[in-house]
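Undergrad: Just so we're aligned, residue 596 is where the sequence shown starts under the working numbering, counting upward by one.
For reference, the structure I am asking about is given below.
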Amino acid sequence: MGHLDHAALGWLTPALSYVMACTGAALGLRCTVRALGATGRSRRNWLFTAASAIGTGIWTMHFVAMLGFSVSGTDIRYDVPLTILSLLVAMIVVCAGVFAVGYSRDRTRALFLGGLTTGLGVASMHYLGMAAVRLHGDVTYDPLLVGVSVLIAVVAATAALWAALNIKSPVAVTIASLIMGAAVSSMHYTGMFAVGVDVTPSDVILPGATAMQFIFPLAVGLGSYLFLTSAFVALSPTTGAREPSVSTEHSAQSVPG
596 MGHLDHAALG
606 WLTPALSYVM
616 ACTGAALGLR
626 CTVRALGATG
636 RSRRNWLFTA
646 ASAIGTGIWT
656 MHFVAMLGFS
666 VSGTDIRYDV
676 PLTILSLLVA
686 MIVVCAGVFA
696 VGYSRDRTRA
706 LFLGGLTTGL
716 GVASMHYLGM
726 AAVRLHGDVT
736 YDPLLVGVSV
746 LIAVVAATAA
756 LWAALNIKSP
766 VAVTIASLIM
776 GAAVSSMHYT
786 GMFAVGVDVT
796 PSDVILPGAT
806 AMQFIFPLAV
816 GLGSYLFLTS
826 AFVALSPTTG
836 AREPSVSTEH
846 SAQSVPG
């Protein structure tokens, strides 16, 4: 049995992955708040942005944390198509949950179904990401811890959607984001503690890409997207701020020159 290290780079990867999870959650919540105050195409665009932010934040959190994952006695590689698929799964399921809440008339039912769907999707993203791991040996899982990690994912997703519906102020969004980031990180590390590896030493070159060849550049790119989108959302006017501006323009046009 190989020794698993979930923080081979020290506290850097757990701390940075938590920051990414919080950033994605905060941006997603702010965009959902904007969406609920908008109509038509504007609502749809804000919901898409919210879903991409949350999905990107969760995926980036997972793989930034994986940069610190090592197993004694074997190298680790990642299957590129499966890794990309895990990102698409994260985006699609979060989008489904956010749109269910954003457009449903029965928000209690939408919250339940959206939280369940999104939570199972987040768990699927995690275990698809783990299925992309290539190493010399066999990977096993503790069923109990896997079940706990899935439960945490569902509860975290439901809490995120509830927060999107009920939390409006920036301070409350910040607090909710910190809690959600902790929940997502807990889900990840619970799932990782469920992993066991029976190493089979070998000199055969593993297929796939190393974390630094593939995961690191992709995580940096998606992290940059999160921070740039956060800046855009922070600088864009709210619905309340736009309405007085529009009213002023109409008033100015109605006054004879």
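Positions of the beta carbon are idealized from the N, C-alpha and C atoms, including for glycine.
#1: Within its chain, find whatever has a CB closer than 7 Å to the CB of L624; leave out the 5 residues flanking it on each side and keep chain order.
#2: Runs of 4 residues minimum, wholly inside the segment 744 to 820: which ones carry the alpha helix (DSSP H) assignment?
#3: Using the C-alpha atoms, what's the distance from V828 back to L677?
#4: Short of 8 Å in beta carbon distance, which residues of its chain neighbour H845, apart from the five on each side in sequence? Order them along the chain.
#5: Starting from S703 and walking both ways along the alpha helix (DSSP H), at which residues does that stretch end?
#6: Using beta-carbon positions only, say whether S612 and S781 come within less than 8 Å of one another.
#7: Just list the residues that DSSP pairs T735 with in beta bridges.
#8: Are L730 and T669 close, meaning C-beta to C-beta below 8 Å?
#9: Would M686 and G650 qualify as a contact pair, given that the criterion is a beta-carbon distance under 8 Å?
#10: Go through its chain and collect everything with a Cβ distance to F822's Cβ below 8 Å, but skip five positions before and after it.
TA: This is what the structure gives:
#1: A758, A759, I762, V768, A771, S772
#2: 765 to 788
#3: 31 Å
#4: With a pLDDT of 45 at H845, under the threshold of 50, the predicted position of this residue should be treated as unreliable, though the coordinate-derived value follows. Excluding residues within five positions, none has a Cβ falling inside 8 Å.
#5: The displayed chain sequence assigns Thr, not Ser, to residue 703. Where T703 is concerned, the enclosing alpha helix (DSSP H) stretches over 702 to 726.
#6: no
#7: G791
#8: yes
#9: yes
#10: T618
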